[in-house]
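Enquirer: Quick one: the structure is below, questions incoming.
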Amino acid sequence: MAEYGHKWRFVGVVGAAMILSLLTLQVSLAQTPDERIVFMSDRDGNREIYTMNPDGTDVQRLTNNEAQDLQPAWSPDKTQIAFTSNRDGNFAIYIMNADGSNQQPLSTDQFAYHEYPAWSPDGRYIAYASDKAGSFDVYIVEANGSNPQRLTSGDSYETEPAWSPDGRQIAYLQDIDGAFEVFLVNTNGGTPQRLTQSTGGDYFSPRWSPDGIQLAYALTIFDRAGNNSEIYLRNMASGTESLLVSHENSFVQGVSWSENGSTLVYQLQEIQAHWTIHRVSTSDGTLQVLTDQAYNSETPSWSTPQMTGVVSVGPASPGDLRINGSITANVLNVRTGPGPEYNGITQIRNGASVAAIGRNADSTWVQIEGSAQGWVNVRYVQLDNSSALNNLPITYTEVGEWGPAETPTGLRITATEVLRIRGGPGANYRQLENPDTIKAGETVEIVGRSRNGEWYKINVGNRSGWIVSGYGRLSGDLNANVPVLSS
84 MAEYGHKWRF VGVVGAAMIL SLLTLQVSLA QTPDERIVFM SDRDGNREIY TMNPDGTDVQ
144 RLTNNEAQDL QPAWSPDKTQ IAFTSNRDGN FAIYIMNADG SNQQPLSTDQ FAYHEYPAWS
204 PDGRYIAYAS DKAGSFDVYI VEANGSNPQR LTSGDSYETE PAWSPDGRQI AYLQDIDGAF
264 EVFLVNTNGG TPQRLTQSTG GDYFSPRWSP DGIQLAYALT IFDRAGNNSE IYLRNMASGT
324 ESLLVSHENS FVQGVSWSEN GSTLVYQLQE IQAHWTIHRV STSDGTLQVL TDQAYNSETP
384 SWSTPQMTGV VSVGPASPGD LRINGSITAN VLNVRTGPGP EYNGITQIRN GASVAAIGRN
444 ADSTWVQIEG SAQGWVNVRY VQLDNSSALN NLPITYTEVG EWGPAETPTG LRITATEVLR
504 IRGGPGANYR QLENPDTIKA GETVEIVGRS RNGEWYKINV GNRSGWIVSG YGRLSGDLNA
564 NVPVLSS
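Using the working numbering, the first residue of the sequence shown is number 84, and each one after it goes up by one.
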């Protein structure tokens, strides 16, 4: 079994091994720490984490214990590595420094399995797959291990998350009728979108290009003649695919991009052989073998895309779109609402770092957090990506307020994640205050629902607000006793 967690259906496939003739390049590379590839190998008898140069030289071991250490992933700034290990029992997510020091567990669910950690482009969050809720779903957790949130909730196997460079979407694999397909889901929630439609094969390792224009993934077709594995590049705007490389009688997974997008690395296994790491040019398909066939080398990670100014911070309730920026005014008033008529909260000074998380309807004021929390005039904020301003949710609306308590229905929900309370059925409505969230484990009464079923109206004391559905356990069936209170 090459990786923990996947359904490797090709074990025992009978066929003669075909030796692939690959051209080994003599490439002159400027070697810097930022360019190193992290990967797993059993070259020393046990599965451990290593790094190497992009040409396969200068291999350095980072972990050393009797457990299995798998699936390493660089943080965007390459100062840390997330990985999977069973050193404390079940497979859990761990983090260590780039030199292997300070190895610490990130996940603490003792009776659940975790796999495939992936950093958000701003380094603040890690996505991973876990069976903590029964079946494998995709989760997002803060990089310090706090506030885990479930992003997908299907009954089938969902795994291998990969963040888009703008932080707004995650690509992942989902088992459909026994085969893995590639799906997309917004990091602020919503209905997943299916990208691929395979017949007789499995997709693996979806990975975004650093500029977000392309998505690379591997496809293995299983038939009586053997197994054919390919890597495709998908244009995310047009949906068209182009074949980058093809291998007969082999299996390909573990795709990862170089920081400049000119090259991919991946793992390849010929029939009855070990996994080896290869690299391929995205411009002309030129190939190079990086590791020896005498042992297994798997799941290379060359880079994690850095954020492009716009970042999301979790599923629909836990977070929304963000644009980082700084204050340009000498002194700027931070107010309770989007306009000079609102009370001042505090003042911030020139150069202060902020993140815009919302706007008013005409985008003249933005809601910020960071150096201060509140509303400021957008003309005094230098945004890293000002063209994305209108993509921010409108977080102040006239209807975004607490409503009166509604008639009880007898149906209650116990939150499994921290859920934001909003003034209406959507992430574009303002988050309410006092309280602003329903905590994990807290039980409240459902008094209504949106027509599409994605939002519940709840009573909180003598008031009512809205929470996103899908992140809690219901005390009964959602039936006609729960009225539709919004379209």
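Glycine included, each C-beta is placed from N, C-alpha and C at the ideal position.
Determine, using beta carbons only, whether residue 145 and residue 172 come nearer to each other than 7 Å.
Expert: no
Enquirer: Specify, as a first and last residue, the run of the beta strand (DSSP E) that residue 177 falls within.
Expert: 175-180
Enquirer: May I have a chain-ordered list of the beta strand (DSSP E) segments no shorter than 3 residues that lie completely inside the region 305-372?
Expert: 309-318, 324-331, 333-340, 346-353, 358-364 and 370-372
Enquirer: Taking residue 140 as the reference, give the member of 374, 130, 518 and 169 with the closest Cα.
Expert: 374
Enquirer: Pairs of beta-carbons, one from the region 310-326 and one from the region 130-140, closer than 8 Å: are there three or more?
Expert: no
Enquirer: Does DSSP put residue 118 in a helix, a strand or coil?
Expert: helix
Enquirer: With distances taken from CA atoms, which of 556, 506, 470 and 234 is nearest residue 496?
Expert: Per the Cα distances, 556.
Enquirer: Straight-line CA distance for residue 159 to residue 118?
Expert: 12 Å
Enquirer: Could you spell out the range, first to last residue, of the beta strand (DSSP E) harbouring residue 201?
Expert: 197-202
Enquirer: Quick test of the definition: if touching needs 3 or more C-beta pairs under 8 Å, does the region 543-558 touch the region 239-257?
Expert: As far as the Cβ criterion goes, the region 543-558 does not touch the region 239-257, which means the pair count is below three.
Enquirer: Can the beta-carbon of residue 257 be found closer than 7 Å to that of residue 241?
Expert: yes
Enquirer: If I measure Cβ to Cβ from residue 150 and keep anything under 7 Å in the same chain, skipping five residues before and after, which residues do I get?
Expert: 168, 169 and 170
Enquirer: Take residue 214 and list the residues in its own chain whose beta-carbon comes closer than 7 Å to its own, dropping the five residues that flank it on each side.
Expert: The answer, listed in chain order, is 195 and 196.
Enquirer: In terms of residues, what are the limits of the beta strand (DSSP E) holding residue 526?
Expert: 526-533
Enquirer: Nearest-angstrom Cα distance between residue 335 and residue 468?
Expert: 37 Å
Enquirer: Rounded to whole angstroms, what is the Cα-Cα separation between residue 294 and residue 248?
Expert: When rounded, the distance between both Cα atoms is 7 Å.
Enquirer: CB-CB under 8 Å to residue 498, same chain, minus the five flanking residues each way: which ones, in chain order?
Expert: 521, 522, 523, 524, 525, 526, 527, 550, 554 and 555
Enquirer: Can you look up residue 462 in the DSSP assignment and give me helix, strand or coil?
Expert: Here residue 462 sits in helix by DSSP.
Enquirer: Taking the beta carbon of residue 491 as the centre, do at least 16 other beta carbons fall within 10 Å, making it buried, or is it exposed?
Expert: exposed
Enquirer: Taking the beta strand (DSSP E) that residue 161 belongs to, which residues open and close that run?
Expert: Per DSSP, residue 161 belongs to no beta strand (DSSP E) and is neither H nor E.
Enquirer: Just grab the DSSP bridge partners of residue 438 for me.
Expert: 407 and 452
Enquirer: Compare the C-alpha of residue 408 against each of 459, 330 and 296 and name the closest.
Expert: 459
Enquirer: Check whether the Cβ atoms of residue 387 and residue 337 lie closer than 7 Å to each other.
Expert: No, these two residues do not count as a Cβ contact at 7 Å.
Enquirer: Taking the beta strand (DSSP E) that residue 155 falls in, what are its first and last residues?
Expert: 152-157
Enquirer: Rounded to whole angstroms, what's the CA-CA distance from residue 588 to residue 126? Just pull it up for me.
Expert: The requested residue 588 is not part of the displayed model; the chain covers only 84 to 570.
Enquirer: Over the uninterrupted beta strand (DSSP E) stretch that includes residue 262, give me the two end residues.
Expert: 262-269
Enquirer: Candidates 434, 462 and 405: which alpha carbon is nearest residue 421's?
Expert: 462
Enquirer: What does the alpha-carbon distance come out to for the pair residue 428 and residue 226?
Expert: Straight-line Cα distance between these residues: approximately 30 Å.
Enquirer: Give the straight-line distance between the Cα atoms of residue 379 and residue 122, rounded to the nearest whole angstrom.
Expert: 10 Å
Enquirer: Assuming residue 442 and residue 472 make a contact with CB atoms under 8 Å, what is their CB distance in whole Å?
Expert: 7 Å
Enquirer: Do residue 281 and residue 262 have their beta-carbon atoms positioned less than 7 Å apart in this structure?
Expert: yes
Enquirer: Consult DSSP for residue 446 and reduce its assignment to one of helix, strand or coil.
Expert: Collapsing the DSSP output to three states places residue 446 in coil.
Enquirer: When DSSP labels each residue in this structure, what does residue 472 get in the three-state scheme?
Expert: helix
Enquirer: Who are the Cβ neighbours of residue 416 in its own chain at under 7 Å, not counting the five residues just before and after it?
Expert: 427 and 430
Enquirer: Kindly indicate which residue of 466, 552, 494 and 216 has the alpha-carbon position closest to the one of residue 507.
Expert: 552
Enquirer: Could you check how far apart the C-beta atoms of residue 212 and residue 224 are, in whole angstroms? I think they sit under 8 Å.
Expert: So it is not a contact: roughly 12 Å between Cβ atoms.
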